[in-house]
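Undergrad:
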Amino acid sequence: MLIRQEHIDSGGLLGIWKIEETHEELLNYFPESLRAKAIDYIKKIRSSQRVMEWLATRAMLFVLAGDDKLINNYPDGRPYLSDRSHLVSLSHTKEYAALLLHRSLPIGIDIETRSERIKKIAGKFISEKEYIDPDNKVLHQLLHWSAKETLFKRLNLREVDFKEHLFLHPFTPRDKGTVTATESKTGDTRCFTIHYEVHDDYVLTWTIGSDEARGG
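Residue numbers (our numbering): 130 to 345.
1) To the nearest angstrom, how far is the alpha carbon of Pro208 from that of Pro160?
2) Less than 8 Å between the C-beta atoms of Pro204 and Arg283, yes or no?
3) On the premise that Phe300 lies in contact with Val308, defined as a C-beta separation below 8 Å, what is that separation, rounded to the nearest angstrom?
4) Is Phe254 closer than 8 Å to His269 when the C-beta atoms are compared?
5) Taking C-beta to C-beta, are Leu163 and Asp197 nearer than 8 Å?
6) Using alpha carbons as the reference points, say which of Lys258, Thr311, Glu245, Val327 lies closest to Phe321.
7) Kindly indicate which three-state DSSP category His328 falls into: helix, strand or coil?
8) Return the bridge partner residues of Pro208 from the DSSP annotation.
9) Rounded to whole angstroms, what is the Cα-Cα separation between Tyr260 and Asp290?
10) Is DSSP giving Ile236 helix, strand or coil here?
11) Could you tell me the distance, in whole angstroms, from the CA atom of Asn201 to the CA atom of Leu286?
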């Protein structure tokens, strides 16, 4: 079920879907001309959760875009729309899926279920120079992961080390806000604004547009 549809910064269209339907109910959102192909495709997917995620993101696209747009993937897995009308970024986590569209500006989005599991891998993507609020450690770690996932999608680069190449400037988690993120993979020091929101079940991050600043 689409639980959020919002036009955001610089002409972006953001959607969030709570995955509560059955396979058949999600397929009902598909245009009739595409339903048979979708059924054939999901038969090849072994994971039932992956099937639900695939169906939910496509159903959300049809609801948001209002026509027969298709999501395809480049060989490296990056999504694109078959008609090239918009740039698209996708994310899914357990019971939720998120989608961001823009006609021209580069974008990235990520949604993550709130969980204690992030503590086990935090050291792999957070550097010693990055600030983690000791009174809100797990949430702050999760926001770091989500923001870096969003930036990774925005950058469209390969072999990015989240700990070495992506840096989040100090911020204290609130219900929503922005954080400045810097990338050094390209050899430049480019800064981006990442928007974030904290919800009861998940965190959401996104970014739209080019680098806003350059630092040293």
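Even for Gly, the Cβ is constructed at its ideal location relative to N, Cα and C. The structure presented is a predicted model; accordingly, all values stated were derived computationally and were not measured.
TA: Put simply:
1) Your numbering for residue 208 matches position 79 in the sequence shown. Your numbering for residue 160 matches position 31 in the sequence shown. Distance between Pro208 and Pro160, taken at the CA atoms: about 20 Å.
2) Counting from 1 along the sequence shown, the entry for residue 204 is found at position 75. Counting from 1 along the sequence shown, the entry for residue 283 is found at position 154. By the CB criterion at 8 Å, Pro204 and Arg283 fall outside the cutoff.
3) In the sequence shown, the residue the question calls residue 308 occupies position 179. In the sequence shown, the residue the question calls residue 300 occupies position 171. Indeed, because the Cβ distance is near 5 Å, the residues count as touching under 8 Å.
4) For this step, residue 269 is matched to residue 140 along the sequence shown. For this step, residue 254 is matched to residue 125 along the sequence shown. Going by C-beta atoms, His269 is not nearer than 8 Å to Phe254.
5) Here residue 163 refers to the residue found at position 34 of the sequence shown. Here residue 197 refers to the residue found at position 68 of the sequence shown. Yes. Within cutoff.
6) The residue you call residue 321 lines up with position 192 of the sequence shown. Comparing Cα-Cα distances from Phe321 to each of Lys258, Thr311, Glu245, Val327, the minimum goes to Thr311.
7) On the sequence shown, residue 328 is found 199 positions in, with the first residue counted as 1. For His328, the three-state secondary structure derived from DSSP is coil.
8) On the sequence shown, position 79 is the one that residue 208 refers to. DSSP lists Asn202 as partners of Pro208.
9) Your numbering for residue 260 matches position 131 in the sequence shown. Your numbering for residue 290 matches position 161 in the sequence shown. Near 18 Å, if we compare the C-alpha coordinates of Asp290 and Tyr260.
10) Position 107 of the sequence shown, counting from 1, holds the residue named residue 236. In the structure shown, Ile236 adopts extended strand secondary structure according to DSSP, grouped into three states.
11) Residue mapping note: residue 201 aligns to position 72 of the sequence shown, counting from 1. Residue mapping note: residue 286 aligns to position 157 of the sequence shown, counting from 1. About 19 Å.
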